[in-house]
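Residue 360 in the working numbering sits at position 59 of the sequence shown; the count goes up by one each step and never skips.
By construction, the Cβ of each residue, glycine as well, lies at the ideal position given by its N, Cα and C atoms.
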Amino acid sequence: LFLPLQLFGTIVWILVASTKIPLPLLQGWVMFVAVTAWFLSIVFLSVFLFGYANRIALNWNQADFIFHGATFVFYFGAFLLQAATTSLHHFPRKFNSTAQERILTGHEYNISIAASVCILCICFRGTEISSKSFWPA
């Protein structure tokens, strides 16, 4: 169940890193969320793969729910910031310049759209996984 989070998190990481990063503050947060959530999901998955879940007395359903809830909040914030960066495509880099250099080139604009869509997929997928794991059948 962690594989979609890891896969889309890696894709977001690659897509944002492949641009020139015109707004470091906004896209820095997107990168931080993608890398941190990816690393924590690997740690969380390793706990189950190596059998530490049986040794640690913890409500793992609740821990899973809290983990996916927190990643939803952080990824949704990252989605808003990435979408804000994408929406600045038509603005010039310098407002008082006569040159028509854009904040994002056409290729970077397409990459930014793809990153925004991947982040949104993570948000919806994480919500679906956490609601299934927390509520007993």
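In the DSSP assignment, find the unbroken alpha helix (DSSP H) run with Gly-352 in it and report its ends. Annotation: Gly-352 is outside any alpha helix (DSSP H) and is labelled neither H nor E by DSSP.
With distances taken from CA atoms, which of Val-344, Ile-322 and Gln-307 is nearest Ile-412? Ile-322
Can you tell me where the alpha helix (DSSP H) with Thr-386 in it begins and where it stops? Unbroken alpha helix (DSSP H) run through Thr-386: 361-388.
Relative to the alpha-carbon of Ile-414, which residue among His-390, Cys-424 and Arg-403 has its alpha-carbon at the smallest distance? His-390
Start and end of the alpha helix (DSSP H) containing Pro-305? 304-318
Beta carbon of Ile-312 nearer than 8 Å to that of Ala-379: no
Taking the Cβ atom as the reference point for each residue, do Leu-316 and Ala-416 lie within a distance shorter than 8 Å? yes
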